[in-house]
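Structure first, commentary second.
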């Protein structure tokens, strides 16, 4: 399994967490680079970056107080929390000390929640802390995630915008 290096600078406000180890015919070179993935446009449209970044520009995230990591799969089961390195994620977040840990899908958030003996959360901010960072659950950014209802909202952008406003992670224009 190909695991990408974390992209986190000093003093991050928000660290986004996806899931590594997703089966794909092509090894990823950057996070959220699959055709149709809306992560980068949602980040920009919500005001967290002053311009639309390309996946190959992910190293610029720390300049905006942002970071990116993955929950790494260590075992064969996609749905079992025990097949993921949750303790390692917690240790990294404790070391980085972001204000917010934003899971980029309910699936990733549910894996971590179950590993901690919690119920799977819905979208939005939670009174739940991982490694000292408050949790915000975002809707999945994959092009395959085309719903008409995102936990009571009609789009994904409103969730990204709420995170930007709550965290203060709005890029200067």
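Residue numbers (my numbering): 11 to 183.
Ideal placement from N, C-alpha and C gives every residue a C-beta, glycine not left out.
Item	Value
Segments of 3+ residues assigned as beta strand (DSSP E) that fall wholly inside the stretch 79 to 161	110 to 113, 134 to 140, 143 to 147
At least three beta-carbon pairs within less than 8 Å, the stretch 110 to 118 to the stretch 53 to 71	no
Helix, strand or coil at residue 76 according to DSSP, with G and I counted as helix	strand
Through-space distance from residue 157 to residue 21, alpha-carbon basis	35 Å
Residues bridged to residue 28 [DSSP beta-bridge criterion]	80
Assigned exposure category for residue 68 - 16 Cβ within 10 Å defines buried	buried
Distance CB(residue 10)-CB(residue 14) smaller than 8 Å	Residue 10 is absent from the structure shown; the chain starts at 11 and stops at 183.
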